[in-house]
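Structure, as structure tokens:
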């Protein structure tokens, strides 16, 4: 476990792009096996409502990666004024369609549509985002199910620098249903001792300084400073915020001041750390859903 190693002169960067590429290659090979066994590639249906620029970029990346992996991509681009009933009807149709293995609803949804209701409507077996209550329950009870993509990717990144989690002190900063809570449960399954915190936690720097591993997912640029991190700790930076500089240019910042973390054992960069893993895990989940459906 790298957190127990001597303090390095410079923190190792955990290359999310390279690890994601390896996972995508593995996923592509599994797609080939499914096609050989069943004559049809896995299919992912993506629903995008409106024309939010960030969502357009994310969906475009997901579709491009699907094609590279050999996964069939089915797009549903709906107008901004699509109502909740129409969206729920579309989901019902996709749930019933055996040709569709995974369903992804791109968030955020327009005002007037209840995101929780929409996500609950997706079949748990096709819920490749891992947000359905059934999959959340399976995760919390350690009984399988589809795991949310970002937490799954975080664990894969950590596995490149940690081989035994038993008894490690882990501090998760952020309590979201998308990252903070599920990654905490995954770490508990590995026998780590997990403290879940957030931006309102008292004495947060002192708590973080005790950690062997920090997972920063608060969405606050450069929240985690160098003095928050003990020498030899491993730091996973999930945050990604676009900020505007005084000269009008923009750049992406993570939740951690990475330039202050030379004393850490390993850190993830922003960009190029957790982000690529999220899409790679989405495709991996789609293939897993397809395999479970075909082998049932």
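In our numbering, the protein residues as written are 16 to 311.
The beta-carbon is built from N, C-alpha and C at its ideal position, and this holds for glycine as well.
Bear in mind the structure is a predicted one, so any value in this text is a computation, not a measurement.
Checklist entry - Helix, strand or coil: which one does DSSP assign to residue 117? => result Within the chain shown, residue 117 is the residue found at index 102, counting from 1. When DSSP states are grouped into helix, strand and coil, residue 117 belongs to the strand group.
Checklist entry - Going by alpha carbons, who is nearest to residue 67 out of 283, 46, 85 and 93? => result As a working mapping, residue 67 is identified with position 52 in the chain shown. Nearest C-alpha to residue 67: 93.
Checklist entry - Around the C-beta of residue 259, are 16 or more other C-beta atoms found within 10 angstroms, so that it is buried, or is it exposed? => result In the chain shown, counting from the first residue as 1, residue 259 sits at position 244. With fewer than 16 other Cβ atoms within 10 Å, it is exposed.
Item to check | Bridge partner(s) assigned by DSSP for residue 89 | outcome: Taking the first residue of the chain shown as position 1, residue 89 is located at position 74. Note: residue 89 sits in a beta bridge opposite 60.
Checklist entry - With a Cβ-Cβ cutoff of 7 angstroms, do residue 304 and residue 185 count as a contact? => result Position 289 of the chain shown, counted from the first residue, corresponds to residue 304. Position 170 of the chain shown, counted from the first residue, corresponds to residue 185. Not closer than 7 angstroms, so no.
Checklist entry - By Cβ distance below 8 angstroms, which residues in the same chain neighbour residue 341 in space, the five residues on each side in sequence not counted? => result Residue coverage of the chain in this structure runs from 16 to 311, which leaves residue 341 outside it and unanswerable.
Next on the checklist: Can you tell me where the beta strand (DSSP E) holding residue 266 begins and where it ends?
Outcome noted: Along the chain shown, one-based indexing puts residue 266 at 251. Residue range 265–268 is occupied by the beta strand (DSSP E) that includes residue 266.
Checklist entry - In this structure, does DSSP put residue 210 in helix, strand or coil? => result Working through the chain shown from its first residue, we reach residue 210 at position 195. Residue 210 sits in a strand when the DSSP states are folded into three classes.
Checklist entry - So who's on the other strand from residue 184, going by DSSP bridges? => result The residue you call residue 184 lines up with position 169 of the chain shown. DSSP output for residue 184 lists 208 as bridge partner(s).
Next on the checklist: Checking 7 angstroms against the spacing of the C-beta atoms, do residue 113 and residue 302 come in under that value?
Outcome noted: Along the chain shown, read from residue 1 onward, the residue named residue 113 stands at position 98. Along the chain shown, read from residue 1 onward, the residue named residue 302 stands at position 287. No; because the gap between Cβ atoms is not below 7 angstroms, this pair is not in contact.
Checklist entry - Which ranges does the beta strand (DSSP E) cover as unbroken runs of at least 3 residues, wholly within the stretch 218–262, from first to last along the chain? => result Those beta strand (DSSP E) runs which fall completely within the stretch 218–262 and span 3+ residues are 228–231, 249–252 and 256–259.
Next on the checklist: For the alpha helix (DSSP H) containing residue 37, name the first residue and the last one.
Outcome noted: Position 22 of the chain shown, counting from 1, holds the residue named residue 37. Looking at the DSSP string, the run of the alpha helix (DSSP H) that includes residue 37 is 31–53.
Next on the checklist: Please tell me whether residue 198 and residue 230 are closer than 7 angstroms, where the distance is taken between their beta carbons.
Outcome noted: The count along the chain shown starts at 1 and reaches residue 198 at position 183. The count along the chain shown starts at 1 and reaches residue 230 at position 215. The Cβ-Cβ distance between residue 198 and residue 230 falls below 7 angstroms.
Checklist entry - Which partner residues does residue 28 have in the DSSP bridge list? => result The count along the chain shown starts at 1 and reaches residue 28 at position 13. Residue pairing from DSSP places residue 28 in a beta bridge opposite 282.
Item to check | residue 269 and residue 285 closer than 7 angstroms at C-beta | outcome: As a working note, residue 269 is residue 254 in the chain shown. As a working note, residue 285 is residue 270 in the chain shown. Yes, they are a contact pair.
Checklist entry - What distance in whole Å lies between the Cβ atoms of residue 183 and residue 289, which are believed to be in contact at a cut-off of 8 angstroms? => result In the chain shown, residue 289 corresponds to position 274, counting from 1. In the chain shown, residue 183 corresponds to position 168, counting from 1. The Cβ separation is near 19 angstroms, so there is no contact.
Checklist entry - First and last residue of the alpha helix (DSSP H) that includes residue 172? => result On the chain shown, position 157 is the one that residue 172 refers to. First-last of the alpha helix (DSSP H) with residue 172: 164–174.
Checklist entry - Where does residue 142 fall in DSSP's three states? => result For this step, residue 142 is matched to residue 127 along the chain shown. DSSP places residue 142 in strand when its eight states are reduced to three.
Checklist entry - Looking only at DSSP bridge pairs, what is residue 271 linked to? => result By 1-based counting over the chain shown, the position of residue 271 is 256. Note: residue 271 sits in a beta bridge opposite 239.
Next on the checklist: Between 88, 133, 84 and 117, which has its C-alpha nearest residue 100's C-alpha?
Outcome noted: Position 85 of the chain shown, counting from 1, holds the residue named residue 100. Checked all of 88, 133, 84 and 117; the closest Cα to residue 100 is 133.
Item to check | Cα-Cα separation between residue 152 and residue 208, rounded to whole angstroms | outcome: In the chain shown, the residue the question calls residue 152 occupies position 137. In the chain shown, the residue the question calls residue 208 occupies position 193. Near 20 angstroms, if we compare the C-alpha coordinates of residue 208 and residue 152.
Checklist entry - Can you tell which of 139, 115 and 103 has its C-alpha closest to the C-alpha of residue 130? => result Residue numbering aside, residue 130 sits at position 115 when the chain shown is read from its first letter. Comparing Cα positions, the closest option is 103.
Checklist entry - Is it true that the CB of residue 97 sits closer than 7 angstroms to the CB of residue 118? => result Residue numbering aside, residue 118 sits at position 103 when the chain shown is read from its first letter. Residue numbering aside, residue 97 sits at position 82 when the chain shown is read from its first letter. Taking 7 angstroms as the Cβ cut-off, residue 118 and residue 97 do not qualify as a contacting pair.
Next on the checklist: Can you tell me whether residue 95 is helix, strand or coil according to DSSP?
Outcome noted: The residue given as residue 95 occupies position 80 in the chain shown. Coil at residue 95, not helix or strand.
Next on the checklist: Mapping the DSSP letters down to three states, classify residue 83 as helix, strand or coil.
Outcome noted: Numbered from 1 along the chain shown, position 68 holds the residue referred to as residue 83. In the three-state reduction of the DSSP assignment, residue 83 falls in the helix class, which pools H, G and I.
Checklist entry - Below 7 angstroms between beta carbons: does that hold for residue 78 and residue 169? => result Walking along the chain shown from the start, residue 78 turns up at place 63. Walking along the chain shown from the start, residue 169 turns up at place 154. Their beta carbons are not under 7 angstroms apart, which means residue 78 does not touch residue 169 by this criterion.
Next on the checklist: Can you tell me whether residue 78 is helix, strand or coil according to DSSP?
Outcome noted: Position 63 of the chain shown, counting from 1, holds the residue named residue 78. It is helical.
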